[in-house]
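Read the structure below first, then the notes.
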Amino acid sequence: MADAHPQIDTTKPSIARVYDAFVGGKDNFEVDREVLRQIQQLAPEAIQVGRQCRAWLIRVVRFMAGNAGVDQFLDLGSGLPTAENTHQAAQRINHETTVIYVDNDPSVAAHGRALLEENEFTHFAVADLRDPEEVLNHESVRKYLDLERPVGLIHSNTLHHVTKDENPAAIMRTYLDALASGSYLAISHLHNPGDGSSRAQLAEESQVKFNSMMGSCYYRSREGIQELFADLEMIEPGLVNLFDWWPDGPRLTEPSDGEYNLLGGVGRKR
């Protein structure tokens, strides 16, 4: 797929720009901030939830690059650059770590190309993560990643935008089949406990709101999220709330329902 320069539509919310608004970024428009405001009516803690997601991602990258010794990453649906990005966290541990960001959002593509100038080990590919064949055969992936060696595959808040009909489990199986033994997969995903609790109600209401404004966003069950890891060996502590995945320090405040509605984990391919 050629890296074209599609127009940025500022009249419709973009998933990447909405997430940018959630983490306090500046690369978003009024239409994106309106989605944030609507969600904040249901969950006033929405911005904290966004920051929780980014903090989890950085901890995951540090683990893969440090403890696991992974020196090449494929970050799918990477979104807009923020204060701390995958390549910065990984290259702080090993400055020659290769990171390829993949996204099909025109806003992300524009910023992604700027990342190419940061260093020779950071690259960007315009492709749709729902099409693993397109991603894996992209010229940048083929040129800069050695799929015969372990890769850190990242799906941070991406797969809950993939519909049931698009079969996210089958998509993930294609990716995992292409990776070498010793590769790692990190997934964070919106979760509906389905137990009639306030958290389940928030998940249901937020899903309706997100879908009415952005088109696709699905809170899945724990079992549905675990299925995305296929038969990978889960790294302790398994699939847990993001704030419980190897936190940097003690928890001083009780997480909100919105923070409880996210699960994340890391699996290793044997």
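Position one of the sequence shown corresponds to residue 933 (our numbering), numbered consecutively onward. The beta carbon of each residue, even a glycine, is placed where N, CA and C say it ideally should be.
field: Contacts around Y1076, its chain only, beta-carbon distance under 7 Å, and the 5 residues preceding and following it disregarded
entry: Translated into positions along the sequence shown, residue 1076 becomes position 144. Around Y1076: T1030, I1032, H1055.
query: Ends of the beta strand (DSSP E) at F1056?
result: Counted from its first residue, the sequence shown places residue 1056 at position 124. Note, F1056: beta strand (DSSP E), 1054 to 1058.
field: Classification of V1140 by the beta-carbon crowding that lies within 10 angstroms, buried from 16 upward
entry: Reading the sequence shown from its first residue, position 208 is the one you call residue 1140. Classification of V1140: exposed, given that the 10 Å Cβ count is below 16.
- prompt: At what residues does the alpha helix (DSSP H) containing A1162 begin and finish?
  reply: For this step, residue 1162 is matched to residue 230 along the sequence shown. That residue, A1162, is in no alpha helix (DSSP H); it is neither H nor E in DSSP.
task: Could you have a look at A1118 and say whether DSSP puts it in helix, strand or coil?
output: Looking up residue 1118 in the sequence shown gives position 186. Here A1118 sits in strand by DSSP.
task: Consult DSSP for S1072 and reduce its assignment to one of helix, strand or coil.
output: The residue you call residue 1072 lines up with position 140 of the sequence shown. Three-state DSSP puts S1072 in a helix.
task: Quick one: residues in its chain with C-beta nearer than 8 Å to the C-beta of W1178, no 5 flanking neighbours on either side, listed in chain order?
output: Numbered from its first residue, the sequence shown carries residue 1178 at position 246. Once the five neighbours on either side are set aside, the close Cβ partners of W1178 are R991, F995, P1169.
- request: Using 6 Å as the cut-off, classify the Cβ of E1137 as near or not near the heavy atoms of the ligand FMN, replying yes or no.
  value: Of the ligands one can find in the structure shown there are none, so the ligand FMN has no counterpart to examine.
task: Output the distance between the C-alpha atoms of S1130 and P1013, rounded to the nearest integer angstrom.
output: Position 198 of the sequence shown holds residue 1130. Position 81 of the sequence shown holds residue 1013. Spanning the two alpha carbons is a distance of roughly 33 Å.
field: Same chain, Cβ closer than 7 Å to N1143, five either side skipped, listed in chain order
entry: The count along the sequence shown starts at 1 and reaches residue 1143 at position 211. Same-chain partners within the cutoff: C1149.
- prompt: What are the uninterrupted segments assigned as beta strand (DSSP E) that are 3 or more residues long and contained completely in the region 1080 to 1160, given in chain order?
  reply: 1084 to 1088, 1116 to 1122
field: Burial state of L1122, where buried means 16 or more other Cβ atoms lie within 10 Å
entry: Residue numbering aside, residue 1122 sits at position 190 when the sequence shown is read from its first letter. Classification for L1122: buried.
task: Please name the residue, chosen from I1157, N1036, D1007, T1106, that lies closest to N1173 on a Cα-to-Cα basis.
output: Here residue 1173 refers to the residue found at position 241 when the sequence shown is read from its first residue. Checked all of I1157, N1036, D1007, T1106; the closest Cα to N1173 is I1157.
Local conformation of G1009 per DSSP, three classes: Start at 1 with the first residue of the sequence shown, and residue 1009 comes out as number 77. G1009: coil per DSSP, three-state reduction.
message: Just to check my reading of the structure: N1026 and A1059 have Cβ atoms closer than 8 Å, yes? What is that Cβ distance to the nearest angstrom?
response: In the sequence shown, counting from the first residue as 1, residue 1026 sits at position 94. In the sequence shown, counting from the first residue as 1, residue 1059 sits at position 127. Actually they are not in contact, since the Cβ atoms of N1026 and A1059 sit about 25 Å apart, beyond 8 Å.
- request: For V1031, write down the residues that DSSP places opposite it in a beta bridge.
  value: In the sequence shown, the residue the question calls residue 1031 occupies position 99. In the DSSP output, where bridge partners are listed per residue, V1031 has F1005, T1054.
message: Helix, strand or coil, according to DSSP, for L1077 in the structure here?
response: Locating residue 1077 in the sequence shown gives position 145, counting from the first residue. DSSP, read as helix, strand or coil, puts L1077 in coil.
- prompt: For V1040, does the three-state DSSP call read helix, strand or coil?
  reply: Locating residue 1040 in the sequence shown gives position 108, counting from the first residue. Reduced to three states, the DSSP call for V1040 is helix.
- prompt: Between R986, V955, D959, which lies nearest to Q972 when the distance is taken from Cα to Cα?
  reply: Within the sequence shown, residue 972 is the residue found at index 40, counting from 1. Here the closest residue by C-alpha is V955.
message: Using the Cβ count rule (16 or more neighbours within 10 Å means buried), how would you classify E1052?
response: Counting from one through the sequence shown, the residue named residue 1052 turns up at place 120. Classification for E1052: exposed.
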